[in-house]
Amino acid sequence: MNHVVPADYLERVYAGVLGKIIGVSLGRPVEGWSYARITETFGELDRYVHGHRDWPLILPDDDLTGTFTFLRTLERVAAEAVTAADIGDTWLDQIVEGRTCLWWGGFGNSTEQTAYHRLTAGLRAPLSGSAEVNGRTVAEQIGAQIFIDGWAMVAPGRPDLAARLARAAAQVSHDGAAVDAAVALATMEALAFVESDLDTLLDAAQAALPEGGVLARLYREVRAWHREEPEWARARQRLEASYGYDRYPGNVHVIPNHGVILLALLYGAGDLRRSLVIANTCGWDTDCNAGNVGCLLAIRGGLAALNAVRDWRDPLADRLYLPGPEGGRAITDALTVAVEVASHGLALSGEAPLAFKDGAQFHFCAPGAVQGWLGDGLTLENVAGHSRLGSRSLALHYPGRSAWARVATFLPPEVPEPPDTPFARGPGGGFNYTLLASPRVYPGQEVHAELEADTTNAEAVTMHLMVRQYDGDDTLVALPGPSVTAAPGERVTVSWRVPDLDGLPIAELGLEVSSGQPGTVYLDSVRWHGAPTVTLGRPSGGGEGRMWRRAWVNAVEKIDIRAPEPYRLLHAGTGGAVSTGSREWTDYEVSAELTVPVGRRAGLAARFRGLHSYYALFIQRGAVTLIRARPGQAERLLAEAPLDGDLERRHLRLVVSGPHVQGFVDGTLVVEARDGEAPILSGGIALLIDEGWLSSGDVTVSPVT
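Take a look at the structure:
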């Protein structure tokens with residue numbers, strides 16, 4: 000029997016995602032600080048303090064990336080069948096070693112890096128995270144708890160299912176009390192979709208714990224302190240005395256920090272603002288603890304709870320970074336992620352996934368959602384109505400002169416260039432986690448914006464689609480597109496096929512609004528589709544910039560930026576890749592001239608979705624192969640042919656159309672296949688290298704029909 004999801008399911012998931020982002024953003028600048036240091040510096044931490052560290056508010060963070068990346072397991076495995084091994088396979092597919100998602104603090108020092116190393120060595124989960132292999136101290140740090148919220152959000156009102164999924168996810172990297180803590184949190188979060196009583200949630204979490212374990216004792220004692228002691232700060236002293244870091248070894252043990260979560264929930268009495276103030280003022284692992292508290296209480300309270308913290312919600316503008324090998328999903332927003340999460344939950348209940356407004360990337364279909372859009376000279380407001388295919392739109396209130404709204408589609412200029420090699424210390428400025436990304440929009444794709452002018456406007460309004468691209472020196476340059484003029488009350492659509500930009504990346508998509516009088520225009524939706532028509536390489540106009548190369552996600556040991564060719568990839572192991580593109584790319588061809596001075600094999604990938612998910616055309620000594628890669632499975636050989644000659648200046652072309660895959664070498668079709676087993680139908684491109692040096696010229700992508 001299928002489970003019926005709550006009527007406000009998407010809104011509660013969206014609230015949970017926002018609550019997680021808010022909590023992490025509040026706590027990030029004081030992560031690892033003590034209670035004394037926080038209170039001496041700020042008093043109670045009731046505001047964003049990123050400016051104190053001279054950091055941006057929006058940053059990549061392991062709490063966020065891991066939470067929403069590991070759920071991608073559900074794109075290929077039904078939730079009822081998910082195992083720890085399946086989720087471990089997602090780690091290998093979606094993490095760029097030494098760069099993204101995890102704290103790369105060193106083997107043995109970082110629990111997650113230790114588990115990742117076990118996975119790469121062939122030890123499958125749950126052994127990869129077990130105390131048997133890694134020792135109890137390593138296995139019981141906090142990481143399982145911080146990544147767990149998503150598994151609850153796909154199981155609304157189903158705490159038993161959430162607990163099972165959470166246990167499987169936690170066991171990839173952790174064991175013992177760390178797994179139990181993750182299960183307890185997921186139990187509360189899943190139940191919070193249908194139950195608001197805080198004691199009932201805590202009772203359910205406590206019932207999910209081993210009765211004689213330390214976490215069960217922690218719950219009993221903290222709840223008793225709450226009954227006895229009215230001041231949370233005094234209860235915090237008791238927590239530190241009984242469960243402090245001095246009693247639980249390692250970098251960030253789960254027990255003290257889970258205790259902070261309990262204090263915040265109890266003494267905050269379920270109020271989102273008060274609970275997050277307590278969680279962050281307590282110290283220790285502030286961003287992790289506040290992220291969990293924020294997610295739980297936002298699910299419980301829905302978007303109404305977020306309306307009470309507009310001073311925290313509004314500055315975020317839904318913006319979210321999820322770096323990984325599939326770079327087209329790295330620059331994203333809370334509502335996009337919420338739709339992905341809720342679609343998994345609906346599938347689990349036998350319902351169709353969510354899609355809005357003809358598949359528009361920006362649809363604004365939740366109260367308050369701006370999906371990363373910002374105003375320059377105008378103000379933005381999510382409002383009901385003014386939508387052809389939905390119920391909401393984004394109002395742009397303009398002042399009677401030229402102004403514009405914009406959204407990031409690639410790395411903002413303030414993101415520092417990361418170190419070229421893995422495991423290097425971050426570049427500073429708060430970027431403790433490397434932000435690798437690819438653009439979302441490319442030349443040759445067609446962008447459509449649907450708009451409506453308000454009936455009360457005093458005169459017509461003119462609107463231009465625009466992009467801002469990086470030039471050869473990494474300076475942002477505006478490029479106006481077509482315009483459309485709307486009389487008061489008129490509904491219009493403006494469309495633009497993005498022109499060739501010399502391979503330079505598009506950083507922002509925008510809409511310029513011009514009128515002689517103040518007024519309002521409603522942005523109903525923005526969407527783009529199709530494969531690009533683009534040649535990627537060193538800009539022909541020269542320049543000292545590097546954003547053209549940073550548009551590729553770097554998953555090799557080193558890219559030699561001093562080489563004369565655009566791309567020189569150096570990788571001693573297997574599975575080296577640099578990738579770009581997005582899920583909008585479906586049927587297309589990709590081509591490049593490759594040279595392999597040394598290496599086991601090298602090639603091109605199409606429909607690239609991860610380090611173990613793509614079609615590839617490989618060349619190696621004496622052979623050319625057509626491969627399909629899928630997480631958790633051995634590579635599948637689709638076709639093979641002999642290859643004469645060396646691996647110097649070989650022109651490769653890989654064509655994907657529906658289930659059909661073709662490989663050309665030096666203009667000749669040499670391998671082809673039809674993939675009839677759940678084919679990969681969309682995704683970006685990659686250059687691939689195993690154990691060697693790959694040099695590539697310009698890479699060209701164009702659609703096929």
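Going by numbering that gives the first Met the number 0, the first residue of the sequence shown is number 0, and it counts up by one from there.
Glycine included, every Cβ here is placed at the ideal spot set by N, Cα and C.
- Its Cα nearest to that of Phe617, the residue Val664 stands out among Ala78, Val664, Arg629.
- Listed in chain order, the beta strand (DSSP E) elements of length 3 or more contained wholly in the stretch 329 to 406 are 330 to 332, 373 to 375, 378 to 383, 391 to 397.
- Under the three-state reduction of DSSP, Gln170 is assigned to coil, being neither helix nor strand.
- Rounded to whole angstroms, the gap between the alpha carbons of Ser656 and Arg606 is 10 Å.
- Burial state of Asp92 is buried, judged by a 10 Å Cβ sphere holding 16 or more other Cβ atoms.
- One alpha carbon belongs to His463, the other to Ala351, and they sit about 35 Å apart.
- Ranked by Cα distance from Arg391, the options Arg582, Leu522, Pro158, Asp453 are led by Leu522.
- In the DSSP annotation of this structure, Leu190 is not part of any beta strand (DSSP E); the continuous alpha helix (DSSP H) holding it starts and ends at 176 to 190.
- Contact annotation: the stretch 354 to 374 touches the stretch 305 to 321, with at least three C-beta pairs closer than 8 Å.
- Judged by beta-carbon spacing, Ala77 lies beyond the 9 Å limit of Ala168, meaning their Cβ atoms are not closer than that value.
- Across the set Ala207, Ala206, Arg237, the C-alpha of Arg237 shows the shortest separation from the C-alpha of Val221.
- When the five nearest sequence neighbours on each side are left out, the beta carbons in the same chain lying within less than 6 Å of the beta carbon of Glu489 are those of Ala452, in order along the chain.
- The beta carbon of Arg537 is closer than 6 Å to those of Pro565 in its chain, skipping five residues each way along the sequence.
- Val171 is not a Cβ neighbour of Leu164, given a cutoff of 9 Å.
- When DSSP states are grouped into helix, strand and coil, Arg606 belongs to the strand group.
- Within the stretch 449 to 493, the complete beta strand (DSSP E) segments of 3 residues or longer fall at 460 to 469, 475 to 485, listed in chain order.
- One alpha carbon belongs to Glu30, the other to Thr72, and they sit about 29 Å apart.
- Runs of the alpha helix (DSSP H) lying entirely within the stretch 55 to 108, each at least 4 residues long, are 61 to 68, 83 to 93 in chain order.
- For Val16, the three-state secondary structure derived from DSSP is helix.
- Thr519 is classed as buried because its beta carbon has at least 16 other beta carbons within 10 Å across all chains shown.
- Cβ contact annotation for Glu511 (same chain, cutoff 6 Å, sequence separation greater than five): Trp403, His463, Met465, in chain order.
- By the criterion of at least three beta-carbon pairs nearer than 8 Å, the stretch 404 to 420 is in contact with the stretch 371 to 387.
- Residues of the same chain with a CB within less than 6 Å of the CB of Gly542, apart from the 5 flanking positions on each side, are Gly471, Asp472 in chain order.
- Here the alpha carbons of Ala183 and Glu139 stand approximately 15 Å from one another.
- Using a Cβ distance threshold of 9 Å, Asn250 and Ser33 do not count as a contacting pair.
- DSSP, reduced to helix, strand and coil, places Ser127 within a helical segment of the structure shown.
- Secondary structure of Pro28 (DSSP, three-state): helix.
- The C-beta distance from Gly609 to Pro324 rounds to 5 Å, short enough to fall under 8 Å.
- 9 Å or more divides the Cβ of Trp311 from the Cβ of Ile37.
- Comparing C-alpha distances from Leu334 to each of Leu302, Val308, Gly349, Leu347 shows the shortest one belongs to Leu302.
- For Gly540, the secondary structure class from DSSP, reduced to helix, strand or coil, is coil.
- Sixteen is the threshold: when 16 or more other Cβ atoms of the shown chains lie within 10 Å of the Cβ of Arg652, as they do, the residue is buried.
- The beta carbon of Gly175 sits closer than 7 Å to the beta carbons of Ala130, Arg135, Ala138, Glu139 from its chain, once the five residues preceding and following it are set aside; these are given in chain order.
- Distance between Ala297 and Gln360, taken at the CA atoms: about 24 Å.
- Membership of Trp224 in the alpha helix (DSSP H) is indicated by the continuous run 213 to 227.
- In the DSSP annotation of this structure, Val137 is not part of any beta strand (DSSP E); the continuous alpha helix (DSSP H) holding it starts and ends at 135 to 138.
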